[in-house]
Amino acid sequence: MSTRYLSFQYELLDNTNTFKKKLYNVESCSISYKFLSQLKSSATIVMDDDSSIDYLKDRIKVYMTLNKVRVALGVFMLCSPSRNITGTKKTRNITAYSLLQILLDDKVTTRYTAVVGTNVVNEVKRLIGNNNSYNIPDSTKTLNSEFNYEIGTSKIEIINDLLASINYTSLWVDKDGVFKAEPYVLPTDKEHVKTYEDNEASIILPDMVDEPDLFYVPNVFVRYTNNLDVATPLSFTYTNNNADSPTSTVNRGRNIVDAQSVEATDLVTLQAITKKAAYEYNSKFSHLSFETAIDPDVMDLYMPNIWIKVGDINAKYTITAITFKCAVGQQSKVESRKVVAI
0 MSTRYLSFQY
10 ELLDNTNTFK
20 KKLYNVESCS
30 ISYKFLSQLK
40 SSATIVMDDD
50 SSIDYLKDRI
60 KVYMTLNKVR
70 VALGVFMLCS
80 PSRNITGTKK
90 TRNITAYSLL
100 QILLDDKVTT
110 RYTAVVGTNV
120 VNEVKRLIGN
130 NNSYNIPDST
140 KTLNSEFNYE
150 IGTSKIEIIN
160 DLLASINYTS
170 LWVDKDGVFK
180 AEPYVLPTDK
190 EHVKTYEDNE
200 ASIILPDMVD
210 EPDLFYVPNV
220 FVRYTNNLDV
230 ATPLSFTYTN
240 NNADSPTSTV
250 NRGRNIVDAQ
260 SVEATDLVTL
270 QAITKKAAYE
280 YNSKFSHLSF
290 ETAIDPDVMD
300 LYMPNIWIKV
310 GDINAKYTIT
320 AITFKCAVGQ
330 QSKVESRKVV
340 AI
């Protein structure tokens, strides 16, 4: 097996993500990506106290270098920098979050209304604000009913609801601090970016936990709108009758129905939202946990697909969480969902 030369670096940024200086006083750092959570990522950092750092405004950007290839691991806000003093040594224990914390803290101060005809992506960009960098594909889809929120609703909640209405992913921040969202693509339609195999060249560790639990998974999905502004509300039913799916009506011999009201701008979007729900219900009940060496190939992607060939497992999985310590010799703990046929 080839030798891995691994190191980590840290930079101090201001609140516009502009470089201020390199940091050499970081004692330890742990990073957690949880793609299904609202904030998506966080970090725990221990560092020698530095009076030049504005702990209320500055940010820390983390990098890893593997065999001379450098990749960013994220930009983090310094949310709770407690100060510890031991003799003459002063350290900061910092809990840091992704830049989505900005939109969680920023709440509407008056009743919020997005009127019929509002372009959804343009409104999302307006809510993110010009002070933040974003890269979100444009869309012509507009609201066919009003969106209303009470005073005190966080902007991240409003943004994610708007994005869901056009079947985009929820908002996330890439490793360089850019806000992103994109049209949702079923994992079955996405290629895998890496294969982990059970051989000498693999960086996957042998201990794995496979936890299938399919008994309560629905196989008929109904999604409908209750838009008072629309004369004829939208409705769509998706039935999983795929003979290759263990939870399908064919294999279960009965219907297990899940019906929910949702927001959707049009019928095509509602159909996509319904299929997304069917996929997510099936995939979340078959998940795999394992450990690998810290792997840059999957660090800069949002919920990437991987292929695992280990033991009797030979299937595609979507990574939903990665946790690791930024140190040589450490492993990353990975949680994933099986990509299932529906």
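In numbering that gives the first Met the number 0, the protein residues as written are 0 to 341. Virtual Cβ for every residue (Gly too), placed ideally from N, Cα, C.
query, result
"Could you check if E334 is buried or exposed, using at least 16 other CB atoms within 10 Å of its CB as the buried criterion?", "buried"
"Return the residue from the list Y148, T319 and N118 that minimises the CA-CA distance to D137.", "N118"
"State whether the segment 91-98 contacts the segment 33-47, with contact taken as three or more CB pairs (one from each stretch) at a distance under 8 Å.", "yes"
"Considering I59, what are the terminal residues of the beta strand (DSSP E) in which it resides?", "R58 to L65"
"Does the segment 312-328 come close enough to the segment 173-184 to have 3 or more Cβ pairs within less than 8 Å?", "no"
"Under 8 Å by Cβ, that's how I've got M302 and F34 pegged, so tell me the actual separation to the nearest angstrom.", "5 Å"
"Measuring CB atoms only, is the segment 72-84 touching the segment 148-168, in the sense that at least three cross pairs come out at less than 8 Å?", "no"
"Apart from the five residues just before and just after K189, which ones in its own chain have a Cβ nearer than 7 Å to its Cβ?", "N304"
"Where do the ends of the beta strand (DSSP E) carrying Q100 lie?", "Where Q100 is concerned, there is no enclosing beta strand (DSSP E), although the alpha helix (DSSP H) it sits in stretches over L99 to D104."
"For the segment 172-201, which segments carrying the beta strand (DSSP E) assignment without a break, of at least 3 residues, lie completely within its bounds, in sequence order?", "193-196"
"In angstroms with no decimal places, state the Cα-to-Cα distance between A258 and N24.", "54 Å"
"Classify M0 as helix, strand or coil using the three-state DSSP reduction.", "Low per-residue confidence applies at M0: pLDDT is 49, beneath 50, and the placement is therefore not dependable, though the value from the model is reported in the following sentence. Coil."
"From T248, T268, R125 and N281, pick the residue whose C-alpha is nearest to that of T168; which is it?", "T268"
"For I165, which residues in the same chain have their Cβ closer than 7 Å to its Cβ, ignoring the five residues on either side in sequence?", "V119, S138, K140, T264 and T268"
"Any chance you could list the beta strand (DSSP E) runs of at least 3 consecutive residues sitting entirely within the segment 220-245, in chain order?", "234-238"
"What number of angstroms, rounded off, separates the C-alpha of N225 from the C-alpha of S260?", "7 Å"
"If you measure between the beta carbons of A233 and I158, is that distance less than 8 Å?", "For clarity, residue 233 is Leu in the given sequence; the question names Ala instead. No, these two residues do not count as a Cβ contact at 8 Å."
"I'd like the list of long-range same chain contacts for T246, defined as Cβ closer than 7 Å, with 5 residues on each side in sequence excluded.", "L213, V216, N218, N239 and N281"
"Which residues in the same chain as S40 place their Cβ atom closer than 6 Å to its Cβ, once the five residues preceding and following it in sequence are excluded?", "Y32, G73 and S97"
"Could you give the distance in angstroms between the alpha-carbon of N16 and the alpha-carbon of N129?", "13 Å"
"Quick check on the DSSP output: what are the complete beta strand (DSSP E) runs of length 3 or more inside the segment 68-127, in order along the chain?", "68-85, 88-96 and 111-113"
"For T268, which of helix, strand or coil comes out of DSSP?", "helix"
"Which residues in the same chain as Y54 place their Cβ atom closer than 6 Å to its Cβ, once the five residues preceding and following it in sequence are excluded?", "L77 and P80"
"Run through DSSP, which three-state label would V256 get?", "strand"
"Use the C-beta contact count for I368: other C-beta atoms within 10 angstroms, 16 or more gives buried, fewer gives exposed.", "Coverage of the chain is limited to positions 0 through 341, which leaves residue 368 absent and any answer about it impossible."
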